[in-house]
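Chemist: Please see the structure below; I have some questions.
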Amino acid sequence: MAEPRPHVRCAICGKPVHPSHRPFCSPRCAEVDLGRWLTGQYRIPGPPAELEEDSPPST
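Residue 44 in our numbering sits at position 40 of the sequence shown, with consecutive numbering throughout.
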């Protein structure tokens, strides 16, 4: 007998995950997560990144 699959919950709202939107339950929750990454609410720990100065493109 196969082991039962664990019940996976949406990373945003906690509802059951829909297979086509995994690890989220809907496109809305996926967009909420993306928005959090884009606005800096989620961060990956590490040293600050050094920004390169603007320079003309090389040809």
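Yeah, the Cβ is synthetic: ideal placement off N, Cα and C, and Gly gets one too.
1. How would you call C17, buried or exposed, if buried means at least 16 neighbouring beta carbons within 10 angstroms?
2. Could you tell me the boundaries of the alpha helix (DSSP H) in which L1 lies?
3. Let me make sure I understand the geometry here. Which of Y46, P49 and A15 has the alpha-carbon closest to that of S4?
4. Any idea what DSSP makes of P23, helix, strand or coil?
Modeler: Reading from the atomic positions:
1. exposed
2. Since the first and last residues shown for the chain are 5 and 63, residue 1 lies out of range.
3. The shown model of the chain, from 5 to 63, leaves out residue 4, and the question about it has no answer.
4. helix
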